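I have placed the structure first, in the form of structure tokens, so that the comments after it can refer back to it.
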Amino acid sequence: MELQEKISNLTEKLKSTGFNMKTIIENRKAFKNPCMYEKLISYCDINEFGTNYSPQIYDPFKWGDSSNYEALAKAQTDYIDQIDQKNKEKQKLKLSHGNVKPILNGSKKKNSRWDQKFSKVQNSIATTSNGTLPKSKK
Numbered sequence: 125m126e127l128q129e130k131i132s133n134l135t136e137k138l139k140s141t142g143f144n145m146k147t148i149i150e151n152r153k154a155f156k157n158p159c160m161y162e163k164l165i166s167y168c169d170i171n172e173f174g175t176n177y178s179p180q181i182y183d184p185f186k187w188g189d190s191s192n193y194e195a196l197a198k199a200q201t202d203y204i205d206q207i208d209q210k211n212k213e214k215q216k217l218k219l220s221h222g223n224v225k226p227i228l229n230g231s232k233k234k235n236s237r238w239d240q241k242f243s244k245v246q247n248s249i250a251t252t253s254n255g256t257l258p259k260s261k262k
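Note that my numbering has the sequence shown beginning at 125, numbered continuously upward.
Here's what the structure looks like:
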């Protein structure tokens, strides 16, 4: 009888003072906890994907689990991973099939003018003449 008395008291408060149990529950800190949300769904057997329409008008279960957004997202990420893996394999094949020229018999890379050492430049600047430079006229 205790439960019946609690319910009758709550309905009397609702009628007399505008007391709304739903807003009180929604404003509680524990209600905003996501773990509490999952517990409420499992405890009350709430179907998150259900509808108030009759199955003749709209049946959300006729497409099956593969139409769920989570299943679609998983299928999409799997497909993208497969494409990435194929691209990596293609790059490995390109590198191993002649795009990179191997060094044969210890031959060295040909030096360009930018690869020269500084010692050659320093030798060309040095002069061997003796004496002083002439003064410039002002």
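Just so you know, even glycine gets a beta-carbon here, dropped at the ideal spot from N, CA and C.
No experiment lies behind these values; they were computed from the predicted model shown.
Return the chain-ordered list of same chain residues with a C-beta closer than 7 Å to the C-beta of residue i, the five sequence neighbours on each side being excluded.
i: Trp238; result: none
i: Ala195; result: Asp189
i: Tyr193; result: none
Mind checking whether residue i and residue j have CB atoms under 8 Å apart?
i: Tyr182; j: Thr175; result: yes
Tell me which same chain residues have a C-beta within less than 8 Å of the C-beta of residue i, skipping the five on either side of it?
i: Asn144; result: Leu138
i: Thr256; result: none
i: Pro184; result: Phe173, Gly174, Thr175
How should residue i be labelled, buried or exposed, when 16 other C-beta atoms within 10 angstroms of its C-beta is the threshold for buried?
i: Leu134; result: exposed
Between residue i and chain B, is any beta-carbon pair separated by less than 8 Å?
i: Asp189; result: Absent from the structure is chain B; it holds one protein chain and no more.
Legend entry - In chain order, each alpha helix (DSSP H) run of at least 4 residues that lies wholly inside the segment 140-220: 145-151, 158-168, 193-218
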